[in-house]
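>
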Amino acid sequence: MKLYWKKNIKFLTILLIIWFVVSYVAGILLAGPLNEIKIGGFPLGFWFAQQGSIYVFVALIFIYVSWMNKLDKEFDVDEKE
Amino acid sequence: MDVQLWTYIIVGITFAIYIGIAIWSRAGSTKEFYVAGGGVPPLANGMATAADWMSAASFISMAGIISFAGYDGAVYLMGWTGGYVLLALLLAPYLRKFGKFTVPDFIGDRYYSNTARTVAVLCALFVSFTYVAGQMRGVGVVFSRFLEVDIDNGVYIGMAIVFFYAVLGGMKGITYTQVAQYVILIFAFMVPAIFISIQLTNNPIPQLGFGSTVSGTETYLLDKLNGLHEELGFAAYTNGSKSIIDVFFITFALMVGTAGLPHVIVRFFTVPRVKDARISAGYALVFIAILYTTAPAVAAFARTNLIETVSDQSYSEMPGWFSNWEKTGLLTFEDKNNDGKIQYVADKEQNELTIDRDIMVLANPEIANLPNWVIALVAAGGLAAALSTAAGLLLVISTSVSHDLVKIQIAPDISDKAELWLARGAAVLAVMVAGYFGINPPDYVAAVVALAFGLAAASFFPAIILGIFYKRMNKEGAIAGMVTGLAITIFYMARYKLGWIGEPTTSEDWWFGISPEGFGTVGMIVNFAVSLVVSNVTAAPPQEVQEIVDNIRFPRGAGAAQDH
Numbered sequence: 541m542k543l544y545w546k547k548n549i550k551f552l553t554i555l556l557i558i559w560f561v562v563s564y565v566a567g568i569l570l571a572g573p574l575n576e577i578k579i580g581g582f583p584l585g586f587w588f589a590q591q592g593s594i595y596v597f598v599a600l601i602f603i604y605v606s607w608m609n610k611l612d613k614e615f616d617v618d619e620k621e
Numbered sequence: 033m034d035v036q037l038w039t040y041i042i043v044g045i046t047f048a049i050y051i052g053i054a055i056w057s058r059a060g061s062t063k064e065f066y067v068a069g070g071g072v073p074p075l076a077n078g079m080a081t082a083a084d085w086m087s088a089a090s091f092i093s094m095a096g097i098i099s100f101a102g103y104d105g106a107v108y109l110m111g112w113t114g115g116y117v118l119l120a121l122l123l124a125p126y127l128r129k130f131g132k133f134t135v136p137d138f139i140g141d142r143y144y145s146n147t148a149r150t151v152a153v154l155c156a157l158f159v160s161f162t163y164v165a166g167q168m169r170g171v172g173v174v175f176s177r178f179l180e181v182d183i184d185n186g187v188y189i190g191m192a193i194v195f196f197y198a199v200l201g202g203m204k205g206i207t208y209t210q211v212a213q214y215v216i217l218i219f220a221f222m223v224p225a226i227f228i229s230i231q232l233t234n235n236p237i238p239q240l241g242f243g244s245t246v247s248g249t250e251t252y253l254l255d256k257l258n259g260l261h262e263e264l265g266f267a268a269y270t271n272g273s274k275s276i277i278d279v280f281f282i283t284f285a286l287m288v289g290t291a292g293l294p295h296v297i298v299r300f301f302t303v304p305r306v307k308d309a310r311i312s313a314g315y316a317l318v319f320i321a322i323l324y325t326t327a328p329a330v331a332a333f334a335r336t337n338l339i340e341t342v343s344d345q346s347y348s349e350m351p352g353w354f355s356n357w358e359k360t361g362l363l364t365f366e367d368k369n370n371d372g373k374i375q376y377v378a379d380k381e382q383n384e385l386t387i388d389r390d391i392m393v394l395a396n397p398e399i400a401n402l403p404n405w406v407i408a409l410v411a412a413g414g415l416a417a418a419l420s421t422a423a424g425l426l427l428v429i430s431t432s433v434s435h436d437l438v439k440i441q442i443a444p445d446i447s448d449k450a451e452l453w454l455a456r457g458a459a460v461l462a463v464m465v466a467g468y469f470g471i472n473p474p475d476y477v478a479a480v481v482a483l484a485f486g487l488a489a490a491s492f493f494p495a496i497i498l499g500i501f502y503k504r505m506n507k508e509g510a511i512a513g514m515v516t517g518l519a520i521t522i523f524y525m526a527r528y529k530l531g532w533i534g535e536p537t538t539s540e541d542w543w544f545g546i547s548p549e550g551f552g553t554v555g556m557i558v559n560f561a562v563s564l565v566v567s568n569v570t571a572a573p574p575q576e577v578q579e580i581v582d583n584i585r586f587p588r589g590a591g592a593a594q595d596h
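Same order as they appear, the protein sequences are chains G and X. Numbering of the first sequence is given in my numbering, commencing with residue 541 and proceeding in unit increments. Numbering of the second sequence is given in my numbering, commencing with residue 33 and proceeding in unit increments.
#1: Does TYR604(G) come out as helix, strand or coil in the three-state DSSP assignment?
#2: Is there a C-beta anywhere in chain G that falls below 8 Å from the one on PHE91(X)?
#3: Are there 16 or more other CB atoms within 10 angstroms of the CB of GLN382(X), so buried, or fewer, so exposed?
#4: Straight-line CA distance for TYR324(X) to THR113(X)?
#5: According to the neighbour-count rule (16 or more other Cβ atoms, all chains shown, within 10 Å of its Cβ), is ASP612(G) buried or exposed?
#6: Give me, in chain order, the residues of the same chain whose beta-carbon lies closer than 8 Å to that of SER600(X); leave out the 5 immediate sequence neighbours on both sides.
#7: When the Cβ atoms of the region 208-220 of chain X are set against those of the region 82-94 of chain X, are three or more pairs found closer than 8 Å?
#8: Bridge partners for SER346(X) per DSSP, in chain order?
#9: Within 8 Å (strictly less), CB to CB, does THR39(X) reach chain G?
#10: Which value, in whole angstroms, describes the spacing of the CA atoms of GLN441(X) and ASN146(X)?
#11: Could you tell me which residues DSSP pairs with THR302(X) in its beta bridges?
#12: Determine the chain G residues that contact GLN239(X) at a beta-carbon separation under 7 Å, and present them in chain order.
#13: Could you spell out where the alpha helix (DSSP H) holding LEU362(X) opens and where it closes?
#14: Using a Cβ-Cβ cut-off of 6 Å (strictly less than) and excluding sequence neighbours within five positions of ALA327(X), which residues of its own chain qualify?
#15: Can you pull the chain X neighbours of LEU646(G), defined as C-beta to C-beta under 8 Å?
#16: Starting from ILE193(X), follow the beta strand (DSSP E) in both directions and report where the run begins and ends.
#17: Nearest by alpha-carbon distance to ALA192(X): which of VAL463(X), ILE391(X), ALA156(X) and GLY513(X) is it?
#18: Would you call the region 568-588 of chain G in contact with the region 41-57 of chain X, where contact means no fewer than 3 C-beta pairs closer than 8 Å?
#19: Shortest alpha-carbon distance to SER87(X) belongs to which of SER160(X), ILE497(X), GLU384(X) and ALA512(X)?
#20: Shorter than 7 Å, the distance from the beta carbon of ALA462(X) to the closest heavy atom of the ligand MN, or not?
#21: Assign LEU483(X) to one of two classes, buried (16 or more other C-beta atoms within 10 Å of its C-beta) or exposed (fewer than that).
#22: Are the C-beta atoms of ILE557(G) and some chain X residue less than 8 Å apart?
#23: If we define contact as Cβ-Cβ less than 8 Å, is ARG128(X) a contact residue for chain G?
#24: Taking the DSSP output, what are the residues bridged to PRO583(G)?
#25: Given 8 Å as the limit, is there contact between the region 515-526 of chain X and the region 453-472 of chain X, that is, 3 or more CB pairs closer than that?
#26: Let me check understanding here. Comparing Cα to Cα, which of GLU349(X), ALA519(X) and ALA165(X) lies closest to GLY372(X)?
#27: What did DSSP end up calling HIS596(X) once you bin it into helix, strand or coil?
#28: Give the interface partners of PRO328(X) over in chain C, defined as CB-CB distance under 8 Å, in chain order.
#29: Residues in the region 284-308 of chain X with C-beta within 7 Å of chain G's C-beta atoms, listed in sequence order?
#30: In this structure, does DSSP put TYR252(X) in helix, strand or coil?
#31: Work out the CA separation of LYS449(X) and ASN472(X) for me, nearest whole Å.
Written as structure tokens, this is what we have:
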């Protein structure tokens, strides 16, 4: 059970680092310099702040769900149908 | 047909649907009333959560605020979506496994203390009441503009509707009504956005449209908008004007506040399994993201259309929507230099046009000359958003009173039937109080909503996170943390936002340049620090509590939500 929890924490750490990077780093702290880069009509920092970070948030939750469902099976702690 | 007739028809049909669902799915037991019997499929729960979460603020105000704030509007976009990542990863599965009805239930049991439970109940009541007052006001505004009734009567109509389905149906009625409301509000938001995106950029997908070129030219829409802003003296649309540290702290407070809001958390108690709690947070965010990625596009379109329609044009040639909104007093024109033209510029001395940000989404289809039925649809969508959130909040209020206070603390022997009637009675009372605030809003409604987020961030979030992830966390630490986190946040708001304490202040006086909206983040950090220090110098929690913590960390054996 200790190992299960440790792996869970590892997943959370990875996902939350990405969460932080796309929103706070790309969308806020580095938004100024990133705005020099243009993707179509979007300055990149602006795009991360108003669009990109939200798409990544959605993806993060689905990745988490699939990782955890696998982990639950591996350690035999999943719920029976 | 005119706008008003269309509004009667569309709003009438949607309300008939809500009431029909409420009757069909009314609650027969407290369990159905509190958590819909614990049997809501995750996809439906995701939609209901999305409707619950997206209030009048998301639907009516947010795109308008972004339209005027440009880049800075991102604090709401990221703040109100990023919180779902925290919810899905750090809270929802564990609270579902814990398997009780409410957030104060978790706090009270995990910290083996009725004091902690009562502090949590008070926080839940305060957060929910401040929020619900704003919703009732939103309902009143939409009714008064589109049905041309007095704003007070608008609020009464809204109260009657909410009363009907929240009080009868409880969580079961609310959940299925919210599914219908989600469908209506998202349709109402997307239709005008797609129309306008095609008009302006020839791209039917608004999310791509606002990064495309303006139809018939080689210029990108955002470049054009930045150009217009520069001409009129505003800060560039894509850069914003808030400081980086303030944007950072506000975004964080909104994210953590989202994850700590009791009416959102309680939704994850309504699904059958832990697995479903995880995935329904994902579905909820997909449904929310559809609106939240469209809103910045709507904001940019509305801004461009607005400037092009009014700037330097003659007042006598303004279209019908202009005078309609002038009548409401939310849009005013004062011809300072008497040239008969509208000067809309950043310089306050020369600017002649003031526009309330809240009217942008409602006026947007009119500005873009869309058909009348689209305008009526937007009114129905705004009502769906306000009513669904109000209902969810009323439920938290009535549950806090009937379950967390009366059943657990005052009269444990109360029968299921009596408790159900008590919950309904509390909901009735809550509708009355909410209606009162809707009709007599404190003039600082916006300030109080910011307060609600800051308080949720500074109180619940650390107590729940530490309760799950830190086994050594005890009741002394949790109570001390919640109380200091709350106290410092309330003090900061009272001092720098509401002006209740001491001399009047300006943004120069803020600590580290952090605005009161962002101070919930500081309150949260203080809460974490105090909790950890205090719990480490006091006794460890009892063995059986540590076993509860071990048990909620894996999904097997979750079962349905249990009463005590």
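Ideal Cβ placement from N, Cα and C applies to all residues, glycine included.
In short:
#1: Taken through DSSP and simplified to helix, strand or coil, TYR604(G) comes out as helix.
#2: Interface criterion not met: the Cβ of PHE91(X) is under 8 Å from no Cβ in chain G.
#3: Exposed, since its Cβ has fewer than 16 Cβ neighbours within 10 Å.
#4: One C-alpha to the other measures close to 8 Å.
#5: It counts as buried.
#6: Examination of residue 600(X) is not possible in this model, given that chain X is present from 33 through 596 alone.
#7: Taking a cut-off of 8 Å for Cβ pairs, the region 208-220 of chain X and the region 82-94 of chain X touch, as three or more such pairs fall below it.
#8: Per DSSP, LYS373(X).
#9: No, no contact with chain G.
#10: A straight-line Cα-Cα distance of about 8 Å links GLN441(X) and ASN146(X).
#11: In DSSP, THR302(X) forms no bridge with anything.
#12: Going along chain G in sequence order, the residues near GLN239(X) (Cβ under 7 Å) are GLN591.
#13: Taken as a continuous stretch (DSSP letters only), LEU362(X) belongs to no alpha helix (DSSP H), as it is neither H nor E.
#14: The residues are MET94 and ALA95.
#15: Nothing in the structure corresponds to residue 646(G), since chain G is present only between 541 and 621.
#16: From DSSP, ILE193(X) is part of no beta strand (DSSP E) but of the alpha helix (DSSP H) over 183-194.
#17: Ranked by Cα distance from ALA192(X), the first of VAL463(X), ILE391(X), ALA156(X) and GLY513(X) is VAL463(X).
#18: Output reads no: the region 41-57 of chain X does not touch the region 568-588 of chain G.
#19: When only C-alpha atoms are compared, the closest one is SER160(X).
#20: Absence of the ligand MN is noted for the structure shown, with no ligands found whatsoever.
#21: With a 10 Å radius around the Cβ and a threshold of 16 neighbouring Cβ atoms, LEU483(X) comes out buried.
#22: Closer than 8 Å: no.
#23: For ARG128(X), no Cβ of chain G is located within less than 8 Å of the residue's own Cβ.
#24: LYS578(G), per the DSSP bridge assignment.
#25: Proximity of the region 515-526 of chain X to the region 453-472 of chain X falls short of the contact definition, fewer than three beta-carbon pairs being nearer than 8 Å.
#26: Comparing Cα positions, the closest option is GLU349(X).
#27: With a pLDDT of 45 at HIS596(X), under the threshold of 50, the predicted position of this residue should be treated as unreliable, and no value is reported.
#28: Absent from the structure: chain C. Protein chains present are G and X.
#29: Using a CB distance below 7 Å, the part of the region 284-308 of chain X facing chain G consists of ARG305, VAL306 and LYS307, ordered along the chain.
#30: Looking at TYR252(X) - three-state DSSP - the assignment turns out to be strand.
#31: Approximately 35 Å between the Cα atoms of the pair.
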